[in-house]
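Remarks on the structure that follows.
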Amino acid sequence: MHLQSFANELNLLSEIKHDNVVELIGFVENAEEGIAWILLGWEDNGNLREFIHSQDWVIPECLSLIFDVICGVEYLHTRDPPICHGDLKSLNILVTSQNRAVITDFGSARKLESHQGRKMEGLAVGPAPPAEPIMSQVENHESSVVTIDECGTFITLTGPTFTLRWAAPELLYEEPFTLASDMWAVAWICWEVMTGKLPFEDVDRKALIVLNVTRGNLPPVTSNEHISQLRALCAIMTGCWSMNPTKRPTAGECRRTIGWMGRIVPARRNAIASESYPVEVLCALGYTSFESLETAKAASYFETALKVARSAQDDLAIANAMMGRGTVYGAMKQYFEAENLYIQAKEIYVHHGAEKQITGANFGLAQIYRMRQEYAKAEVSYTQVKDACLRLEVQKGVADAIWGLGQLYRSQREFSKAQASYTEAREIYAQLGAEKDVAHASWMLGRVYLFQSEYSEAQESYTQAKKIYSRLGMEKGVENCACGLQEVYRLQHMYSNANTFHAEAWDIASCLGPQWEVANAPWWVREVNCLQDNNFKAEAPFTDAEELRTRFEVEEIADASWRWGEVYHSQGKYSEAEAQYINAKELHASVGADQHVANAACELGKFYRSQDKYSKAEASFIEAKEIYARLGAKEVADAAWELGTIYHLQGEYSNAEAMYTEAKELYACDGVKRNVAKAGCMLGHIYRLQGKYPKAEALYTTAKEVYAYIGAERDVARTRCELGQVYRLQGEYFMAEVSYTQGKEIYTRLGVQKDAAKAARILEDIYHLRDAHIGAGKIYTYPGAKRDVADMHCELGKGYRQQGEYFKAEVSYMEAKIIYIRLGVEKD
């Protein structure tokens, strides 16, 4: 080794220490021979290339290795002054016994001449003396200095300074090393890890390698089966391979992107079959597939993980697999199944005292409640998750909970609250460097601003999100933002700009797969032309569009029409919203998509109900119910329940009773306990309104027991208060007091102050009514009053016992016991 190069490498290694950089042990010198050796730690797993080929590693394991390398590079690049490695490649990366990657061989490394602020990616390093060719053991004299004429046709190869296959194009023009040239090599390391192939593996002639590099003839990353699943990684590699060094991402930017991707430290295994994978690996694969929108594959991985965990009798692994399955079921709108999985996982986590995992399960439940439109429960759950994450100092969890609240408020059209939540979540995500989540929050802010006709703010948010999505390679996100910008300009009658963004969204979606935008383009042009020219024939046929529209494509157009309806609805343009909703339903009907027609009819019914147009709402729900019944779809119960609500609102109690009864029976057949209880409660309301108090009491009592069984405490509180109202209407004030007291205490414990205060106000009324009924000092004198008082004390005792207030429970039970003894009643 050249003496100056040796001294340079030794000096650098003595100053650096990082988990992803090789450790310097020392050096040995033979003064007589004038020879010296640097002693570095050796790793049994060898170099990265050897490790890659030692086993068929799965994607999350590959990402772990890439992340390690990028962390090491970031450490070098952020030193003061920054260090450029100069010879990054798989052969100069070792893998430790813990299967972590460390960077080695600093013979070509140099410190930058000056820091020049934070703009480091284009900085040049100082001149370095020639180093021995490091690839000589693989390819003879692979490293060369290259001289190329202006036309790129004449090539001169001279002395060795860098490894050709990993060299950035500027190095081939004899430009100095920069941090950006390191990032070019990082992209090749990503390529090697994901594909197992060397750069230009099939090219033997050095001149051809040079021509390929200088002309930008690089492998298309999206053509690789594994890399194409990871759009963010595709974006990193494409960016690092930019021919302009100043446009390449920094190591820090790459680390922040990879850091939020699902990865797992590689683990040795004896078999190739997925059943032999550890549960941790299977779950990581499941989440990777889920992020790639491969739902069926994700479900399969989580199912296998659950089987493996159960065979190993590993409780926490079982819970983790259940969480993954719950995520998939939620995405597939199988909410009951998802809820059950989250609840089971939570019970295991509680048993093991795994606080962070408990919070994760609660977040999953909050998501399910929101998607099932159980907004009150969802809000309580999100708030609990937020508070728990604040206590545990898990900032990402705090942001996720606030994001969830934003989604919740947006769904309820509380746009000012949604805006505040999205803004707060975005700020936390930005502090954490979670760029994808920043983009999501900005996108949703754009939608909220659009709903409120705040077009400049919507444009700014969509543009910010679009830039991040583009940098991360998330084409679907870019498409969504382009669609949002299209809507912003369209609503301002700026049709030229709207067409530009529509064309962009169309192009992206065409590349992503289903060509619905190809069919949608003439439809969009027709709509824009209608708005610009009143004489335009909107009904004119578009043969090319009709030929291209498949069932899927029309359904996508229908979904877009529905979204327009939501925009108009939020802006108070109800006639325009109604027209869009009807258009969406008719589009689904045109291709025979009966399930979607029924869904649209059901949602249209809810729209009419919100406008107090009960006859139209009734017609829509009847249409939906008939289609669901014909299809044998379980949603027929939901339609029956909605019809019951419409009849209830119009005072048609017999019809409401029939529909709620039907819904209750159907829910019971499906085994959906919560919905059975919900329908039972509505029947209880109908009976109560008709003065049929014993029937109402029986239904409320049954519903209360169901809610208690499934742990729905807020519903228990609400149902106790409903029971209290039944007792109150019958003049049974002591039982009413018991029920409202128990309901109030549950609300208070859950932090639902509004409902607790309402229960307290009703209790005050009950006290006054009781006193007026009893008369001056004549307490408990009506027939059976003493027995009622004893029963009241028993109920209070049960409530206190369930809440862990055992002293109060004991006192209540003793009071009841004394009365029972006086009455000669035997009671356990």
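Per this note's numbering, the very first residue in the sequence shown carries number 170; after that it's consecutive.
Where a beta carbon is used, it is the ideal one built from N, C-alpha and C, also for glycine.
Sufficient close CB pairs (3 or more, under 8 angstroms) joining the segment 835 to 848 to the segment 819 to 826: no
Proximity to I396 [Cα-Cα], best of M961, E361, A748, R541: E361
Residue range of the alpha helix (DSSP H) that includes A270: Taken as a continuous stretch (DSSP letters only), A270 belongs to no alpha helix (DSSP H), being part of the beta strand (DSSP E) at 270 to 272.
Residues near G533 by beta carbon distance below 6 angstroms, same chain, minus five either side: G495, Y511
Short Cβ contact (8 angstroms threshold) for L281 with W335: no
Opposing strand residues paired with N666 [DSSP bridges]: Per DSSP, none; premise fails for N666.
Pick from T910, K794, A929, G421 that is closest to W603, judged by C-alpha positions: First, the residue type needs correcting, since residue 603 is Ala and not Trp in the sequence shown. Considering only alpha carbons, the answer is G421.
Spatial neighbours of R695 in its chain, beta-carbon cut-off 6 angstroms, leaving aside the 5 residues before and after: Note that R695 scores 37 on pLDDT, short of 50, meaning its location in the model is unreliable; the coordinates nonetheless yield the value given after this. Nothing meets the Cβ criterion.
Distance between E648 and A690 (C-alpha atoms, nearest Å): Because the pLDDT of A690 is 39, which lies under 50, any placement of that residue in the model is unreliable, and the question is left without a value.
Bridge partner(s) assigned by DSSP for I194: Looking at the DSSP assignment, I194 forms no beta bridge with any residue, so it has no partner.
Simplified DSSP assignment, three categories, for I204: strand
Range of the contiguous beta strand (DSSP E) that encloses V227: It is not in any beta strand (DSSP E) - V227 carries neither H nor E in the DSSP assignment.
Where R494 falls: helix, strand or coil (DSSP): helix
Euclidean distance between Cα positions of V841 and D556: 30 angstroms
Rounded C-alpha distance that separates I537 from L858: 32 angstroms
Closest residue to E449 among D960, S789, V227, G813 (Cα-Cα distance): V227
Test item: CB-CB of E787 and I815 under 8 angstroms: yes
C-alpha distance - E673 paired with K635, whole-angstrom precision: 12 angstroms
Contacts around Y624, its chain only, beta-carbon distance under 8 angstroms, and the 5 residues preceding and following it disregarded: Y618, V657, L660, Q661
Backbone secondary structure at K645 - three-state DSSP: helix
Integer Cβ distance of I252 from L245, believed to fall under 8 angstroms: 4 angstroms
Inter-residue spacing [alpha-carbon to alpha-carbon] between E891 and G920: 20 angstroms
Cβ-based neighbour list, A929, same chain, cut-off 8 angstroms, excluding 5 preceding and 5 following: K913
6 angstroms Cβ shell around M613 - same chain, five flanking residues per side excluded: Y591
Beta-ladder partner(s) of H279, from DSSP: Note that residue 279 is Arg in the sequence shown here, rather than His. Per DSSP, C253.
Exposure label - G210; buried when at least 16 CB within 10 Å: exposed
Residues near A599 by beta carbon distance below 8 angstroms, same chain, minus five either side: V607
Boundaries of the alpha helix (DSSP H) in which I405 is found, first to last residue: 400 to 409
L462, DSSP secondary structure in three states: coil
In DSSP terms, what N216 is bridged to: L263
Close beta carbons around L181, own chain, < 6 angstroms, minus the five adjacent residues each side: F275, A278
Opening and closing residue of the alpha helix (DSSP H) in which P919 lies: Note that residue 919 is Leu in the sequence shown, not Pro. Taken as a continuous stretch (DSSP letters only), the alpha helix (DSSP H) holding L919 covers 902 to 919.
Beta-carbon proximity of I527 to K546, cut-off 8 angstroms: no
As assigned by DSSP and simplified to three states, the class of L367: coil
Q749 versus E772, G761, A762, V760, residue with shortest Cα-Cα distance: E772
Residue of K375, K742, A926, E795 minimising C-alpha distance to Q780: K742
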